[in-house]
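Peer 1: Using our numbering, read the sequence shown as starting at 1056 and increasing by one per residue.
Pasting in a structure now, in structure tokens, and then I'll have a few things to ask.
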Amino acid sequence: MLHPQHKLRFRFARTGTMALAFSYLRMSRPEQIKGDSLRRQLEASREYAIKHGLTLNETMQDIGVSAFRGKNRTEGTLAAFLDLIRDGDIPSGSVLLVENLDRLSREQVSTALALFLSIIDAGVSIVTLSDGQVYSKAEVDRDFTKLLMSIVYMARAHDESAMKSARLVESWKAKRARAQADPKAKLTGCIPGWLTLNKARTEFRVREDRAAIVCRLFEECASGIGSRMSARRLNDENVTPFGRAKGWRNTSIRQILTNEAVIGRFQPGVMKDGVRVPEGPPIEGYFPAIVPEALFFRAQKAMTGRRKGSAGQDRGTCANLFRGLVRCAYCGGPMYYHTSGGLPEGRGWLQCDIARRRVRKDGELVCSHIKTYPYEMLERHVLACLPDIDISQMLDLENQATAALREELGQVEARLASALAKQKRLVAMAEEVEPGDGDEVDDALAGRIAELRSEIRSLRARRKELEGRLQSTEAAVVNGEHELMMAALEHMQRLDEIDDRSERYRARASFAQDLKRFIERIDINEAFADVIPHGGEGIALILDAKAFAGMMEGNQA
């Protein structure tokens, strides 16, 4: 895409009577500009222009742009120059000055040659300053060996870059293999902002002050606070960002929240078409873990929940406690939350977002449920029904205590089944013993059967004990979760007593996150809201008594 500034610069250079010369400088890495190469190339261009009476344009520079993948041909100032040639804005007789042909391209010979010919066919000569060679249509037509030599230079440039790229790939593969085998092996000095690498490049060290900020961000995210609000808080507290940015942004915080380096994981990658893509399996334990895995995955779940099915924005107030939960009962789309007149939290309206935007499929409206519902009424009804929700069916009871009990119970039941099977076999054998087989065989079988019966009694007693402990532990978990929900609900009901806006936001955001642990979704139709808990039966809350009566009459008819 041609940048307007490039076009203006080049057109400005056309003024005057002398022929034009365009100096093109390209460097693959920005750090190369610190050396003498840039000054040397510019000096050579100026000397050539003066010697041949040319007006020199020095605006063409592609710094940090690779010619091996042709990025300068498609995106850089060279791309703008080629556009100007095609548009006829570069006059015939102009000169393009480059140090070597590899400054133009290091692509495959066929691609590089097409670029080369497109320039000279337009009447623009190419001059290589390193050897003073002039490549023009007239020169190439007169002496075809110049074209042959240019092809040789192009092939050599491509081969050099291809070999360098292959060596780099092999080097990275070897480094990745070492890192997989030895966690102390460090691939690169490019590390997360909360770590440093020692001079020997053998050990990462945690910057505790920054690690504390990272942990805080994950705690806030898991409790329902969005990245935008977290950024605002950090900026209000004058917390210095990790990078060079002036202040925290929600994008930088999301990058931290999705970075698996916080749990020690490193995903090797390669650049393809300018995008870093994973290569090979992740390396566990490569970085020091600074965030517990459970907290990391709670935060991921919270972010996914906020993205999924959300419509309408709270703008930092957490006005909508049911964001991501409340849906249209007719089309399944999210309910849009909106306010008017700067209403405080809990004073907005809900409407099917699909119907509101009049989304169509095959020319037909997807949903015609355009009715609006006062949010305040829904919040009041849902909070009132929470104590009636049976949460015993929806909880994931596999915490550490119950998991250990279940594992031991499984082992006891396996041993009991084995002992019962052995007893059955021995009893069958005892019944088949003939009187003449001797008392020793009979006594041995009887003794073994007695041992098994004793073992079976012990195992059954242990099983009963474990089942009782498991039941009481699960009940404690359920009660604990229920108490947690009730405490959060009680805190919510006292929000009117909290004057601090930040504290009100934190409390509502945290409670909104807790709700997702108990409620799967809330479906709204013309008359009522159906609150559906995870794994439990729904609770119908009437929102419009008149509409509900009409629905009942219709059903009876």
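Ideal Cβ positions, reconstructed from N, Cα and C, are used throughout, including at glycine.
Given the structure is predicted, the values throughout are model-derived calculations rather than measurements.
Going by alpha carbons, who is nearest to Arg1411 out of Glu1434, Leu1433 and Cys1383?
Peer 2: Cys1383
Peer 1: In angstroms, rounded to a whole number, what distance separates the CA positions of Met1358 and Thr1394?
Peer 2: The alpha-carbon atoms of Met1358 and Thr1394 are separated by roughly 24 Å.
Peer 1: Do you know how far the Cα of Arg1095 is from the Cα of Phe1171?
Peer 2: 24 Å
Peer 1: Could you tell me which residues DSSP pairs with Phe1406 in its beta bridges?
Peer 2: Per the sequence presented here, residue 1406 reads as Gln, with Phe not at that position. For Gln1406, which the question treats as bridged, DSSP gives the partners Tyr1391 and Thr1427.
Peer 1: Where does Ile1587 sit, in a helix, a strand or coil, going by DSSP?
Peer 2: strand
Peer 1: Nearest-angstrom Cα distance between Arg1064 and Asp1144?
Peer 2: Below a pLDDT of 50, predicted positions are generally treated as unreliable, and Arg1064, at 44, falls in that range; the measurement from the model is reported next regardless. Roughly 12 Å between the two C-alpha positions.
Peer 1: For Glu1154, which residues of its own chain have a beta-carbon under 6 Å away from its beta-carbon, when the five flanking residues on both sides are left out?
Peer 2: Gln1096, Leu1184 and Ser1185.
Peer 1: For the beta strand (DSSP E) containing Arg1262, list its first residue and its last residue.
Peer 2: That residue, Arg1262, is in no beta strand (DSSP E); it is neither H nor E in DSSP.
Peer 1: How big is the Cα-Cα spacing for Glu1592 and Arg1572?
Peer 2: Going from the Cα of Glu1592 to the Cα of Arg1572 covers about 15 Å.
Peer 1: Looking at Leu1093 and Leu1111, is the spacing between their C-beta atoms short of 8 Å?
Peer 2: no
Peer 1: For Asn1314, I'd like the list of residues in its chain whose CB is within less than 8 Å of its CB, leaving aside the five on either flank, ordered along the chain.
Peer 2: Pro1247
Peer 1: Using DSSP bridges, identify the partner residues of Ile1140.
Peer 2: Ile1140 pairs with nothing; no bridge assigned.
Peer 1: Would you call Asp1198 buried or exposed, if buried means 16 or more other Cβ atoms sit within 10 Å of its Cβ?
Peer 2: exposed
Peer 1: Indicate whether the contact test is met: 3 or more Cβ pairs, each with one atom in the region 1305-1314 and one in the region 1278-1297, closer than 8 Å.
Peer 2: yes
Peer 1: Spatial neighbours of Tyr1428 within its chain, please: CB distance less than 7 Å, with the 5 preceding and 5 following residues excluded, ordered by chain position.
Peer 2: Trp1404, Leu1405, Ile1579 and Leu1598
Peer 1: Measuring only the C-alpha atoms, how far is Met1082 from Gly1302?
Peer 2: 32 Å
Peer 1: Are the beta-carbon atoms of Leu1168 and Phe1077 separated by less than 8 Å?
Peer 2: no
Peer 1: Measure the C-alpha to C-alpha separation of Ile1409 and Cys1422 and round it to an integer number of angstroms.
Peer 2: 6 Å
Peer 1: For Asp1417, write down the residues that DSSP places opposite it in a beta bridge.
Peer 2: Answer by DSSP bridge pairing: none, since Asp1417 is not bridged.
Peer 1: Let me know if Gly1388 comes out buried or exposed under the rule of 16 or more other beta-carbons within 10 Å of its beta-carbon.
Peer 2: With 16 or more other Cβ atoms inside 10 Å of its own Cβ, Gly1388 counts as buried.
Peer 1: Three-state secondary structure (DSSP) at Glu1102?
Peer 2: helix
Peer 1: Could you check the C-alpha separation between Ala1267 and Val1317 for me, to the nearest Å?
Peer 2: Distance between the alpha carbons of Ala1267 and Val1317: 12 Å.
Peer 1: With distance defined between alpha-carbon atoms, name the residue in Met1209, Tyr1208 and Ser1180 nearest to Asp1196.
Peer 2: Ser1180
Peer 1: Would you mind stating whether Ala1354 and Ala1277 have Cβ atoms separated by less than 8 Å?
Peer 2: yes
Peer 1: Just verifying my parser: in three-state terms, what is the DSSP assignment at Met1082?
Peer 2: strand
Peer 1: In angstroms with no decimal places, state the Cα-to-Cα distance between Gly1108 and Gly1187.
Peer 2: Each residue's alpha carbon lies about 16 Å from the other.
Peer 1: What number of angstroms, rounded off, separates the C-alpha of Ile1574 from the C-alpha of Gln1568?
Peer 2: 10 Å
Peer 1: Please identify the residue among Lys1106, Arg1480 and Thr1295 whose C-alpha is closest to the C-alpha of Trp1249.
Peer 2: Thr1295
Peer 1: State the Cα-Cα distance for the pair Asp1138 and Lys1416, rounded to the nearest angstrom.
Peer 2: Here the alpha carbon of Asp1138 sits roughly 41 Å from the alpha carbon of Lys1416.
Peer 1: Just the C-alpha distance for Pro1399 and Gly1298, rounded to the nearest angstrom, thanks.
Peer 2: Annotation note: pLDDT 48 at Pro1399 (below 50); position unreliable, no value reported.
Peer 1: Buried or exposed: where does Leu1312 fall if 16 or more other Cβ atoms within 10 Å of its Cβ makes it buried?
Peer 2: With 16 or more Cβ atoms within 10 Å of its Cβ, Leu1312 is classed as buried.
Peer 1: Does DSSP put Ser1191 in a helix, in a strand, or in coil?
Peer 2: In the structure shown, Ser1191 adopts coil according to DSSP, grouped into three states.
Peer 1: Using only the alpha-carbon positions, how far apart do Met1073 and Ser1147 sit?
Peer 2: Rounded to whole angstroms, the separation of the alpha carbons of Ser1147 and Met1073 is 12 Å.
Peer 1: Within 10 Å of its beta-carbon, does Ala1135 have 16 or more other beta-carbons around it, so buried, or fewer, so exposed?
Peer 2: Buried, because 16 or more other Cβ atoms sit within 10 Å of the Cβ of Ala1135.
Peer 1: Relative to the C-alpha of Ala1459, which residue among Val1586, Leu1481, Glu1522 and Tyr1190 is closest?
Peer 2: Glu1522
Peer 1: Note the first and the last residue of the continuous alpha helix (DSSP H) segment covering Gln1310.
Peer 2: That run of the alpha helix (DSSP H) goes Asn1305 to Leu1312.
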